[in-house]
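Chemist: Mapping of the sequence shown onto this note's numbering: residues 412 to 466, in sequence order.
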Amino acid sequence: MRLENKVVLISGGAKGMGAVEAKLFAKEGAKIVIGDLLEDEGRKVEAEINETGGE
């Protein structure tokens with residue numbers, strides 16, 4: 412948990428590399444903020460992060 416108590420903003424985090432980065436940062440303990448025009452896809456990434464214990 413190297414990134415515990417840190418907040419990471421991922422622009423374009425709904426798919427592709429942004430989604431992968433969001434999930435990796437969450438695994439390291441960071442709280443994730445996803446910004447993207449693709450709201451539905453962003454919500455899917457959010458759900459995946461929440462299911463694995465991320466925020």
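Don't be surprised by glycine CBs; every beta carbon is placed ideally from N, CA and C.
Predicted, not measured: the structure shown is a model, and the values here were computed from it.
1. Would you kindly check if the distance between the Cβ of Val444 and the Cβ of Leu420 is under 9 Å?
2. Grouping DSSP H, G and I as helix and E and B as strand, with all else coil, what is Lys442?
3. Can you list, in chain order, the residues of its chain whose CB lies under 7 Å from that of Ala441, leaving out five sequence neighbours each side?
4. Could you give the first and the last residue of the continuous alpha helix (DSSP H) run that contains Asn461?
5. What residue range is occupied by the uninterrupted beta strand (DSSP E) comprising Leu420?
Modeler: Taking the geometry as given:
1. Against a cut-off of 9 Å, the Cβ pair of Val444 and Leu420 comes out as a contact.
2. Residue state, collapsed to three classes: strand.
3. Contacts found: Leu414, Lys417, Val418 and Val419.
4. First-last of the alpha helix (DSSP H) with Asn461: Glu450 to Glu462.
5. Bounds of the beta strand (DSSP E) holding Leu420 are Val418 to Ser422.
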